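Numbering (the UniProt record's numbering), first residue to last: 1 to 316. The C-beta atom is built at its ideal place from N, Cα and C for all residues, glycine as well. Since the structure is predicted, the reported quantities are computational estimates derived from the model, not experimental observations.
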Amino acid sequence: MAIRRIAYAYYDPDWIKGEHTLLALKRNTVEPLAYSLYMKGYLFCPSCYEHITRVPADPDKGITTNGVPAYYKHLKDDNAPFCSLRCGPIQYKKYSSQEDAKKAVEDEELIVISGFLESRPDNNPRIDSENESIPIDSHFERKNGKEVSLPISRHNGESFKVPSQVTSVQSLCVNFDHNYYREIYLVDEDSRAKRYRLCDSLKEINDIEKGSTEPSFYFGEFWKIQRFSGHSNVWLKIKQGAPFKDFRIRITNDTADGRGFFNEKNLGRLVIFYSKVNAVGMGYMTPQLGWGEVALLPAKYDEFLIKDYMLSHKIE
């Protein structure tokens, strides 16, 4: 089971909650081992934006007296607002009014998705990002979706109507560390809303124990690609000792090209995708995924994701 953990804090010596808007917050991310004493009192939770503190307080100590790696925690406050990153069962935020819920969507603190893009947009450019031959996110990666009803009211049984977007996993990978803690509601064709938070929901493919008919978010290391006349299979790396032999993601050749899978320089990169998982032979395979359901994570976030996943799942 995953452990509740704050992987990083926002550092901003000028921002005051209640006086300044969220948009004014400088979102300089600081991991526990990068903490310095001058940051004391200016660290904020990436989910609720309350003050947090580092344990141990001495920046020269990276491990507590109990042998636990340095970590962040909330200050004790009986009147503190709801926060999903406080210790305890995973919960999701509720809103007092439809206006508050819509504002959360507008501020991108709440992500509402009514579908993923099925094919590559005609106006999606191939822009180099960090010398990577994959498109970076832009407004071309998303479009307005339908208004949807979500059970996010503080009053039991009440729902609020909020705007949604048709977007892509690639869009979630841009500013990945910020989106990592945001609440995601994914509404299917039957108007059923499923809740996710990447910090809790992402599963490394080597930890899969059986196939799943319910789609979810997964990630794995890009190992190789096989190109056929009508589609391509992206093979992910299987660790020694895994209970299965292979894992393949099926996509169209156009998606493989547009997402950078035919570029050998991208071998070893992390792949994030949203899909069902089917047992096939001695391994697993996805159904054919659309343009918006698969992405290469920008390389600068690889260490962040791997480190947090290992620590939160107690992987040596």
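* Compare the C-alpha of SER119 against each of THR286, MET39 and THR167 and name the closest. => Here residue 119 corresponds to residue number 119 of the sequence shown, with the count starting at 1. Per the Cα distances, THR167.
* Smallest Cα separation from GLU189: which of GLN170, PHE219 and GLY145? -> Your numbering for residue 189 matches position 189 in the sequence shown. The shortest C-alpha separation from GLU189 is found at GLY145.
* In the region 42-104, which residue ranges form an unbroken beta strand (DSSP E) of at least 3 residues, counting only runs that do not cross its ends? -> 52-55 and 71-74
* To do: Would you mind sorting MET310 into buried or exposed? The rule is 16 or more other CB atoms within 10 Å of its CB.
  => Numbered from 1 along the sequence shown, position 310 holds the residue referred to as residue 310. The residue in question, MET310, is exposed, as its Cβ has fewer than 16 Cβ neighbours within 10 Å.
* Asked: Counting along the chain, where does the beta strand (DSSP E) carrying PHE219 start and finish?
  -> Counting from 1 along the sequence shown, the entry for residue 219 is found at position 219. Where PHE219 is concerned, the enclosing beta strand (DSSP E) stretches over 212-227.
* Give a yes or no on contact between the region 23-41 and the region 5-13, applying the rule of three or more CB pairs nearer than 8 Å. => yes
* To do: Give a yes or no on whether the C-beta atoms belonging to LEU202 and PHE217 are separated by under 8 Å.
  => In the sequence shown, counting from the first residue as 1, residue 202 sits at position 202. In the sequence shown, counting from the first residue as 1, residue 217 sits at position 217. It is a contact, given that the beta carbons lie within the stated cut-off.
* Simplified DSSP state of THR167, which is helix, strand or coil -> Taking the sequence shown and counting its residues from 1, the one referred to as residue 167 is at position 167. Looking at THR167 - three-state DSSP - the assignment turns out to be strand.
* Beta-carbon proximity of GLU293 to VAL169, cut-off 8 Å -> Position 293 of the sequence shown, counting from 1, holds the residue named residue 293. Position 169 of the sequence shown, counting from 1, holds the residue named residue 169. Contact: yes.
* Asked: Which value, in whole angstroms, describes the spacing of the CA atoms of HIS51 and TYR284?
  -> The sequence position of residue 51 within the sequence shown is 51, counting from 1. The sequence position of residue 284 within the sequence shown is 284, counting from 1. Roughly 43 Å separates the two Cα atoms.
* Asked: Among the residues of its own chain, which have a CB less than 8 Å from the CB of SER36, if the five just before and after it don't count?
  -> If you number the sequence shown from 1, residue 36 lands on position 36. These residues qualify, in order along the chain: PRO59.
* Measuring CA to CA, which of ASP254, ILE208 and LEU75 is closest to PHE228? -> Position 228 of the sequence shown, counted from the start, is the residue given in the question as residue 228. Selection ASP254, ILE208 and LEU75 evaluated against PHE228 yields ASP254 as nearest (Cα-Cα).
* Asked: How close, in whole Å, do the beta carbons of SER171 and SER159 come, if the pair is a contact with beta carbons under 8 Å?
  -> Here residue 171 is taken as the residue at index 171 of the sequence shown, counted from 1. Here residue 159 is taken as the residue at index 159 of the sequence shown, counted from 1. That pair is no contact at about 25 Å.
* Compare the C-alpha of LYS94 against each of ILE63, VAL55, HIS74 and GLY157 and name the closest. => Taking the first residue of the sequence shown as 1, we reach residue 94 at position 94. Ranked by Cα distance from LYS94, the options ILE63, VAL55, HIS74 and GLY157 are led by GLY157.
* Would the beta-carbon of SER116 fall within 8 Å of that of TYR274? -> Start at 1 with the first residue of the sequence shown, and residue 116 comes out as number 116. Start at 1 with the first residue of the sequence shown, and residue 274 comes out as number 274. Looking at the sequence itself, residue 116 is Phe, so the reference to Ser does not match. PHE116 places its beta carbon less than 8 Å from that of TYR274.
* Asked: Closest by CA to VAL187, which one among ASN179, SER164 and TYR72?
  -> In the sequence shown, the residue the question calls residue 187 occupies position 187. That would be SER164, whose Cα lies nearest to the Cα of VAL187.
* Hey, ARG259 and ALA299: beta-carbon distance below 8 Å or not? -> In the sequence shown, residue 259 corresponds to position 259, counting from 1. In the sequence shown, residue 299 corresponds to position 299, counting from 1. No, these two residues do not count as a Cβ contact at 8 Å.
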